[in-house]
Amino acid sequence: MAKALLLLSGGLDSTLAGKILLEMGVRVEAVNFTSPFCRCTPKSFGCLAARSAADFLGIPVRVLAKGDDYLEVVKHPRHGRGRGMNPCLDCRIYTFRRARELLGETGSDFVATGEVLGQRPMSQRGDAMSLIERESGLAGLVVRPLSARLLPPSLPEQNGWLDRERLLAIQGRSRRDQISLARNYDLNDYPCPAGGCLLTDPEFAARLRDLLEHDPGCDFRAVRLLSLGRHFRLAPDLKAVVGRNQGENLRLEAAAGPGDWLLAPAEEVSGPTVLLCRAAAGAAPDADSDPLAAAGGLLALHCREGRRASGVDLELIPVLSGGSRGGKIVRRGVAPVDSARAEAWRVGRGNGKPGKPGGRSD
Ligand code: SF4
3 MAKALLLLSG
13 GLDSTLAGKI
23 LLEMGVRVEA
33 VNFTSPFCRC
43 TPKSFGCLAA
53 RSAADFLGIP
63 VRVLAKGDDY
73 LEVVKHPRHG
83 RGRGMNPCLD
93 CRIYTFRRAR
103 ELLGETGSDF
113 VATGEVLGQR
123 PMSQRGDAMS
133 LIERESGLAG
143 LVVRPLSARL
153 LPPSLPEQNG
163 WLDRERLLAI
173 QGRSRRDQIS
183 LARNYDLNDY
193 PCPAGGCLLT
203 DPEFAARLRD
213 LLEHDPGCDF
223 RAVRLLSLGR
233 HFRLAPDLKA
243 VVGRNQGENL
253 RLEAAAGPGD
263 WLLAPAEEVS
273 GPTVLLCRAA
283 AGAAPDADSD
293 PLAAAGGLLA
303 LHCREGRRAS
313 GVDLELIPVL
323 SGGSRGGKIV
333 RRGVAPVDSA
343 RAEAWRVGRG
353 NGKPGKPGGR
363 SD
């Protein structure tokens, strides 16, 4: 009996693809790839969704992280980007390559996906699908059960492992057919029907563009920061991130790395935490630097007490190598920066909060 390695996002389409193959008697194992750009929920809901879909299907799933090599793909896509910073063709090629590497290890004969012809303008056109297969080394070895009858027969169909007549011919952006299939299969709980990739989010994309322009050597730590707080570019190699709530303040404190500064209101004042973070190749700012003073002014601007004529008292803490905290410096009576000046520093000025689901991929 043939075995499929299913790329399982946990969304409706890939779950249905698995169900169709199982009903045809194919053995199925799933793989789910996570990355900091998945926005189903910040706390790895992507993998929970895939696990819950795998439970529904009764198949094993392995959840693997997209590594630093994926960040390089996002930084330097060979096939361009969609409307945001989403390099969908290169992203699919990367994912398919990783899947191809797993074929032997999982004893699978081919890769299956929930892709639907014409559903995404960039990566789910017929020519794009062929290119992705070719460049990932999987030509003929990808089965898309939802659209297979509209596509050239795959090798598993040609070899007689799969009955082409039992595969489907769905195409386009409407999800009517999939929703009706889901009802037939009693599948009621599925997340992200419209995709969930931060790279397609306009505000996140603006922040990422700014990051890559000023810090081309950035790592995933810097990328993860992009969905936290308000961002202000204070110098080419320095950015201040202002927490919007207690949860973000705590996450900014945890994210601080060597060469960064953490700023917080003195105890009697309530206000946000500010992380002044440097680019990978940037020098750590000293205590009297202009950007550090500007970061203090931003913090004061976001404190209610910042409106006082006497300004606010702040604590500045340098982050040392290894992440340990240096000696605290207290600055008294820090005046807020002018709000027009703050707006000029702002990166990704939309009011939207990156990370809210709702956009479409590609
Ligand atoms: S929308 Fe999908 S294919 Fe495009 S970059 Fe994001 S995860 Fe990759």
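Its first residue numbered 3, the sequence shown is counted upward by one per residue in our numbering.
We put the beta carbon where it would ideally sit given N, CA and C, even for glycine.
Residue pairing of A242 in beta bridges, as defined by DSSP: F234 and L278. L143 sits close to S156, with the two beta carbons spaced by under 8 Å.
The Cβ atoms of R280 and D239 lie closer than 8 Å to each other. In the three-state reduction of the DSSP assignment, G298 falls in the helix class, which pools H, G and I. Nearest neighbour of A150 by Cα position, chosen from P79, V63, G116 and R64, turns out to be G116. For the 8 Å CB-CB criterion, A257 and R226 form a contact. Between the alpha carbons of R223 and Y72 lies a gap of roughly 14 Å. In the displayed model, K5 falls within a strand according to three-state DSSP.
The secondary-structure analysis by DSSP pairs N251 with nothing; it has no beta-bridge partner. Of the candidates L183, L119 and P123, the residue whose Cα lies closest to the Cα of P154 is L119. For a cut-off of 8 Å, the C-beta gap from L318 to W263 is around 6 Å, short enough to register as a contact.
Rounded to whole angstroms, the separation of the alpha carbons of G284 and P218 is 11 Å. Under the three-state reduction of DSSP output, T17 falls in the helix class.
In this structure, C49 sits near V65, with a CB-CB distance shorter than 8 Å.
Nearest Cα to L14 within the set Q180, R343 and G60: Q180. With contacts defined by Cβ atoms closer than 8 Å, L10 and A67 do not form a contacting pair. With fewer than 16 other CB atoms across the displayed protein chains lying within 10 angstroms of its CB, V332 is exposed. About 7 Å separates the Cβ atoms of A282 and D221, confirming a contact at the 8 Å cut-off. For R211, the enclosing alpha helix (DSSP H) covers residues P204 to H216. In the three-state reduction of the DSSP assignment, I319 falls in the strand class, which pools E and B. For R64, the enclosing beta strand (DSSP E) starts and ends at V63 to A67. The three-state secondary structure of G313, taken from DSSP, is coil.
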